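Following: one structure in structure tokens, then a few remarks.
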Amino acid sequence: MRHGTAYVLLCTFVSVVAVSSPCPPGFVEHKKSCYWFSKIKANFAEARSYCQYFGSHLARVTSRDEDDFVRGHATIHGKAATYWLGATDLNVEGTWLWEGQQAMDYSNWSTGQPDNYGGGEHCLDIKQSYGNYLWNDAPCTSHAANFICEKGVKA
Ligand SMILES: [Ca+2]
Ligand SMILES: [Ca+2]
């Protein structure tokens with residue numbers, strides 16, 4: 634009987650916790666979105682696939698507030714050297730679009746970036762060594778980085 638009561642209490646507790654967070658396990662909530670700061674590394678396309686596997690997309694950082702959150706969380710908690718975000722200039726060199734072909738109205742490039750170094754940098758990343766995660770263009774396929782997935786909070 635005691636065990637039964639404890640089990641009911643535990644289940645109640647677990648379900649309250651589950652209901653109180655609108656984000657999947659491991660995702661961090663901020664405003665209307667949930668974010669996953671990966672512990673694994675992948676190239677850009679692989680990172681994009683991982684995010685899709687979780688029903689999310691590579692993060693689209695579209696405001697100063699969101700930028701402050703992402704860079705702050707990376708600085709304090711994530712601490713990876715580099716994270717992919719979900720933008721490229723693959724279609725037209727120098728024209729940066731978020732995944733889904735959304736225009737990049739807000740940006741926070743590191744000094745001298747994007748430089749399209751060597752003519753082969755078309756994917757957006759943020760680097761700890763570039764002013765605590767300011768933005769940089771990097772080769773999409775030749776190196777692996779951590780990445781940040783985002784999904785909307787369920788209404
Ligand atoms: Ca480029
Ligand atoms: Ca660059």
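With the sequence shown counted from 1, adding 633 to any position gets you the working numbering. Heads up, the beta-carbon is just placed ideally off N, CA and C, and yes, glycines get one too. On a predicted model such as this, the values are computed, not experimentally measured, just so you know.
message = According to DSSP, is P702 part of a helix, a strand, or is it coil?
response = The sequence as given places Phe at residue 702; Pro does not occur at that position. Helix at F702.
**Prompt:** Is any heavy atom of ligand 1 found at a distance shorter than 7 Å from the C-beta of P772?
**Reply:** no
### Task
Can you have a look at D770 and say buried or exposed, based on whether 16 or more other CB atoms are within 10 angstroms of its CB?
buried
Nearest-angstrom Cβ-Cβ length linking F670 and A707, presumed shorter than 8 Å: 7 Å
I'd like to check one pair, K674 with A778: are the Cβ atoms closer than 8 Å? yes
| Rounded Cβ spacing between C782 and L691 (contact assumed at less than 8 Å) | 6 Å
(request) Leaving aside the five residues before and after W742 along the sequence, list all residues of the same chain whose C-beta is less than 7 Å from its C-beta, in chain order. (result) L767 and W768
message: Using only CA atoms, which one of C667, R704 and G733 lies nearest to Q761?
response: R704
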